[in-house]
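Just remember that this note's numbering sits 14 ahead of the position in the sequence shown, which is counted from 1.
Heads up: the structure comes next, in structure tokens.
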Amino acid sequence: MKKSLISNAKYEKVPYDEDIFTCRTDKDNTGIWLTASEASSLSYEEVAERLRVDIRKGLNWQETSDRRKVAGYNEFSVKNGDPPWKKYLEQFKNPLILLLLASAVVSAGMSQFDDAISITVAIVIVVTVAFVQEFRSEKSLQELTKLVPPSCHCLREGTPDTFLARELVPGDVVLLNVGDRVPADVRLFEAHDLTLDESSFTGETEPAKKNTDPVIRPNGAHSSNTNIAFMGTLVRNGIGKGIVVCTGTNSEFGSVFKMMLEEEAPKTPLQKSMDKLGAQLSIYSFAIIGFIMLVGWIQGKLIMEMFQIGVSLAVAAIPEGLPIVVTVTLALGVMRMAKRKAIVKKLPTVETLGCVNVICSDKTGTITKNEMTATVLVTSDGYIAEITGAGYNDHGQILLHTKYDFPDKARESIRLLLEVGAVCNNAVIKDETLLGTPTEGALLAAAMKHGMDNIGNRYIRLKEYPFSSEQKMMAVQCINKYDNNKEEIFFVKGAIEKLLSKCTTYNWNGNQQPISDHKKEEFLAEAHEIGKKGLRVITLAKGKTLQDLVYMGIIGICDPPRPRVREAISILKESGVQVKMVTGDAMDTAIAIAQSIGLETLPSQVLSGEQLDRFTENELDEATPGATVFYRVSPKNKLSIVKSLQRTGHIVGMTGDGVNDGVALKKADIGIAMGKNGTDVCKEAADMILVDDDFYTIIAAIEEGKSIFYNIRNFVTFQLSTSIAALSLIALSTILDIPNPLNAMQILWINIIMDGPPAQSLGVEPVEEDVVKQKARDTKEPMITKKLILNVLLSALFIIGGTLWVFQKEVSKRYITSKSLCNFVFQLSSEGITARDTTMTFTCFVFFDMWNALSCRSQTKSVFTIGLFSNKMFLAAVTLSVLGQMLVIYLPPLQAVFQTEALTGWDIAMLTALTSSVWVFSEVKKLIERYMERRCKGKRSPLEYV
């Protein structure tokens, strides 16, 4: 009887029996006969029967063609997205961009072409930069397709053949050799000393040893999948054969691919803040227009005339230089971070790290060096030594723990122990590069640190007994080149529980004797104690036969934490950032590494991937914020951790280096990939790449991120205070129906200063020394806060008051008889103002601008604290602006253009003294605020905070 494969509730006929197939469907309408998880729990005979394949012959060509119609090709296809022009237009959805676009249109309609052109240029620059960044960020899915190798070795109709891996179907028999990349998820039925590098998938450094035995899953727990070769992993050693069970998007890597398709990178906090700012400025603009129209209507003026005035003021109030400042500030931040070994792919990402309050970090290759290193050894006669240094080199020493009575004997015991590890070894270290397995590289490096670089050359290897999962040991049979008797000797390394039963030990006079039960317990306790520290324990022995070995001791090997990781985590904790370690390693290893870098590891703070799978969404949201260590986690688990933290209001940074980290890196608010050892997939999915793989570089990135937001806020403060002051002067003259104290060219000059070099230079303020220790900013807090508005209004009040006082003072010299404001306004309206009046008023306003810019360099600190000369660009911008103002006042051609006249030295001195009041007031205000904020810390004098 023939059955059909269910696909989207439709029955599709296939030309062969499917009784043996499990009928299921997935989102891609692709039939799945057997999952890798199911296949690992069955014997390979059962898998072959379920997939109806003879493992001695493989499938025939017609059958594979029929199966491919249902299963599809073994590949990842990236769907073409929207065309570039559509993506470009989508950049205009930003509220601030829309507001500026409306301003440009209105300005052009009112013949204010200079404003229209400047705003349009700003929009084009910002939109183009955003488009280019987004266009470049869509490569992560394409990199995943490279995991499917171009060709594979397969058995078809009884004949080995090599063809494109995309042609594979479930049921194919695949042949694996050293150096091959596994082309699909394969259930192994032959495995001879087969080890696979699964670090990009599981995060574990040590190659995974494979066998063919079915895996038992008690209570539905995750399997270690020792009989499955996963797509994309690399054959490091041995040979194997297996049955393809999952291809393409149905493979384990395919699940990562589908998750990456489904997940979209979230907006950065800065982008959200700029959206809110655009909405706020829109409201303020409409409020200005409405107020001016209402006043005009009350005065009996034409509504259309007042509407034009209101629109002009609203357009002038919008800081069209803001998008440029943001872009320039972020671009400079990117350049500075590149010098500090951090490459940022998207400009807004630079600021995101300043908001991060949780960093989820992969262990292997991120927190640790991804280099196995021997760190401790214990000889059979009780000598304990620490091994310093890291990496595959001789940089380090063997340090005895205590002063022994016979140090020469201790050194000889250590030499004999290290000799076994170096001879029973297939690794080669050349120019600090390892060729071989990491564990053997660690043993070889330990011998090199004891001056035993070429100890292996003293022996001629006769035979090797490779490591097997059953024996759990490796042995080599050798003879010493310099031994005249040519006596054969075995050097053995392996698990202590396997070797101790075959071993004797030396007594005090150098003779062999059996190991007593008490001594055996002592050796096991030593190994257990080292293992509890997260180290892999290697037992070493030698002897004349494999059944008559002498126990030499043990060596503890670990993947050590990177330098300064503990210091970085301490700084992050101080600034309120939680650090969580997320790893595929076992619990003991994860806890040991976490403790060594300063993370808390109470039982309630340690969770497994298996536990995460059982949690409901609410349980997950309750558990993840308090946990610090997650072990045995899958790519799906990592994604669920990131999502849970985001749901609970956290801004999440995620670090990683493997394909298994790709989805979480993409979903996190900022994904951070390792540059040296990171896979192409994780680099493309991430927002930032650490060139030197140094976790401490994140501290530098956080410094830049926090500084950038503060600099943008400083710019906004300056622009709004200057804009409000300028608009108030124009609005007052309009309401009082008097000539404007500033003419059109003077207003244009002020507008250039507002959006020009002095304003722009606020965006490049250097990083403050203690900024990294400040709390992460609250992303729910808008750019324009109540405190910022208060500072803006106070500064604008000083500028308006001072400027009007100078204007009234100059005009009153000609209208001495004016005793009231009404008389003053009437006379001013009928007789107008002179060039000196506008020059004094104009210069006063410009000087106020310069002093206000100085006070806006920091919202909390004195200019003397941050350094009067620390921002060279600001000094240059202010100096050039003041020189430009002097030319406008004293250069005859410019006097004609700006309708100004020369001022006396006394005038300039008086204006300088007057306008500095806005800066003096700001400094006093910040001093009081700092005193009030920190008085509880025991400092008594406000002068301590200058």
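Glycine residues also receive a C-beta, built at the ideal position from the N, C-alpha and C atoms.
**OP:** Would you check if the distance between the CB atom of G455 and the CB atom of N440 is smaller than 8 Å?
**Re:** no
Original post:
If you draw a straight line from the C-alpha of K500 to the C-alpha of L208, how long is it?
Top reply: 33 Å
**OP:** Have a look at V551, F203 and L476 and flag the residue whose alpha-carbon is nearest the alpha-carbon of K512.
**Re:** V551
**OP:** Measure the Cβ-Cβ separation of F505 and V434 and say whether it is below 8 Å.
**Re:** yes
Subject >> Residue interval of the alpha helix (DSSP H) (run including K979) >> reply: The question about residue 979 has no answer here: the residues shown for the chain are numbered 15 through 960.
Subject >> Limits of the unbroken beta strand (DSSP E) element including E400 >> reply: I398 to I401
Original post:
Where do the ends of the alpha helix (DSSP H) carrying M601 lie?
Top reply: M601 to S610
Original post:
Which residues in the same chain as A891 place their Cβ atom closer than 6 Å to its Cβ, once the five residues preceding and following it in sequence are excluded?
Top reply: P771, P772 and S775
**OP:** Output the distance between the C-alpha atoms of S930 and Q313, rounded to the nearest integer angstrom.
**Re:** 37 Å
Original post:
Among the residues of its own chain, which have a CB less than 6 Å from the CB of T603, if the five just before and after it don't count?
Top reply: Answer for T603: G548, listed in chain order.
Original post:
How about S742 and I798: are their beta carbons less than 8 Å apart?
Top reply: The Cβ atoms of S742 and I798 lie no closer than 8 Å to each other.
Original post:
By the 10 Å Cβ neighbour count, where 16 or more other Cβ atoms means buried, how is D708 classified, buried or exposed?
Top reply: buried
Original post:
Which whole-angstrom value is the C-beta distance of I257 and V342, which I expect to be below 8 Å?
Top reply: Between V342 and I257 the Cβ distance is about 58 Å, and since that is not below 8 Å, they are no contact.
Original post:
Which residues share a DSSP beta bridge with Y479?
Top reply: Per DSSP, A489.
Original post:
Shortest alpha-carbon distance to S287 belongs to which of F127, K794 and I253?
Top reply: It is K794 whose Cα lies nearest to the Cα of S287.
Subject >> At least 3 beta-carbon pairs within less than 8 Å: the segment 577-591 vs the segment 370-380 >> reply: In short, these stretches touch, since the Cβ pair count reaches three.
Subject >> Environment of H464 [buried if 16+ CB atoms lie within 10 Å] >> reply: buried
Original post:
Candidates T134, S654, C374 and M351: which alpha carbon is nearest V364's?
Top reply: Minimum Cα distance to V364 is reached at M351.
Original post:
Can you give the beta carbon distance from G689 to L704, rounded, assuming they're within the 8 Å contact cut?
Top reply: Correct: roughly 6 Å between the Cβ atoms.
Subject >> Alpha carbon of F862 to alpha carbon of T893, nearest angstrom >> reply: 14 Å
Original post:
What is the rounded straight-line gap between the Cα of G676 and the Cα of K697?
Top reply: A direct Cα-to-Cα measurement between G676 and K697 gives close to 8 Å.
Original post:
Pick from A130, A600, S515 and V84: whose alpha carbon is nearest that of P184?
Top reply: V84
Subject >> Simplified DSSP assignment, three categories, for F859 >> reply: helix
**OP:** Leaving out five residues on either side along the sequence, give the residues of the same chain with a beta carbon under 6 Å from the beta carbon of G692.
**Re:** Within the same chain, Cβ atoms closer than 6 Å to the Cβ of G692 are found at D671, the five residues on either side in sequence being excluded.
Subject >> Proximity below 8 Å, CB of E77 to CB of R180 >> reply: no
Subject >> Same chain, Cβ closer than 6 Å to M946, neighbours up to 5 away in sequence not counted >> reply: none
Subject >> Selection from Y904, F883 and L882 that minimises the alpha carbon distance to R850 >> reply: Y904
Original post:
Can you tell me the Cα-Cα spacing of I569 and G557, whole angstroms?
Top reply: Spanning the two alpha carbons is a distance of roughly 18 Å.
Original post:
Does the distance from the CB of T518 to the CB of V490 come in under 8 Å?
Top reply: Taking 8 Å as the Cβ cut-off, T518 and V490 do not qualify as a contacting pair.
Original post:
Short check: CB of S884 to CB of S936, under 8 Å?
Top reply: no
Original post:
In chain order, what residues of the same chain lie with their CB nearer than 7 Å to the CB of I69, ignoring the 5 residues before and after it?
Top reply: A62, V187, F203 and I257
Original post:
Once you ignore the five residues that flank A606 on each side, which residues in its own chain have a CB closer than 6 Å to its CB?
Top reply: K547 and G548
Subject >> Which of helix, strand or coil DSSP assigns to L746 >> reply: helix
**OP:** Would you kindly work out how many angstroms separate the C-alpha atoms of V932 and G663, rounded to a whole number?
**Re:** 39 Å
Original post:
Leaving out the 5 sequence neighbours to the left and right, which residues in its chain are closer than 6 Å to Q913 when beta-carbon positions are compared?
Top reply: N757 and A849
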